[in-house]
Amino acid sequence: MNEYPLLSPSYLMAAMRHDQTFQHAAAMLHDDWDPNEGGLFREMLQAPDIEMARALQQAGMVKGRWQLDDYGQVKDLLALHAEWFSPTARNALLAPFE
């Protein structure tokens, strides 16, 4: 029996295609996000990136460096990399703990 929940079909397709949201989520989980990679503008993580990252962890597909179900780790992530997150992404990270 599988101990992890299944990914939703839309997340599964995003993971299979390695679309932009999947790439953002995986990079954030692996502590490998570069907000300046976009060239002329700073690209911030958005709420859908956080939701995808959380779904990937819950499904056991991407463990990563940061455990998004651990308040201490989320707090540390935000303290170390505040510039990575849009206000909606910050809210999405903290929502399960409020």
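Heads up, the sequence shown stops at 98 in our numbering, and the numbers go up one at a time, no gaps.
Ideal placement from N, C-alpha and C gives every residue a C-beta, glycine not left out.
- Between M28 and L56, the beta carbon gap of about 10 Å keeps them out of contact (Cβ cut-off 8 Å).
- By the Cβ-count criterion, F41 is exposed, with fewer than 16 other Cβ atoms from all chains shown falling within 10 Å of its own Cβ.
- Here the alpha carbon of A15 sits roughly 19 Å from the alpha carbon of E3.
- Within the region 55–85, not a single complete beta strand (DSSP E) segment reaches 3 residues in length.
- By the beta-carbon neighbour count (other beta carbons within 10 angstroms, threshold 16), Y71 is exposed.
- In this structure, DSSP gives L45 an extended state, which the three-state scheme calls strand.
- Cβ-Cβ distances below 7 Å link T21 to A14, P48, D49 and M52 in the same chain, with the five nearest sequence neighbours on each side left out; the list follows chain order.
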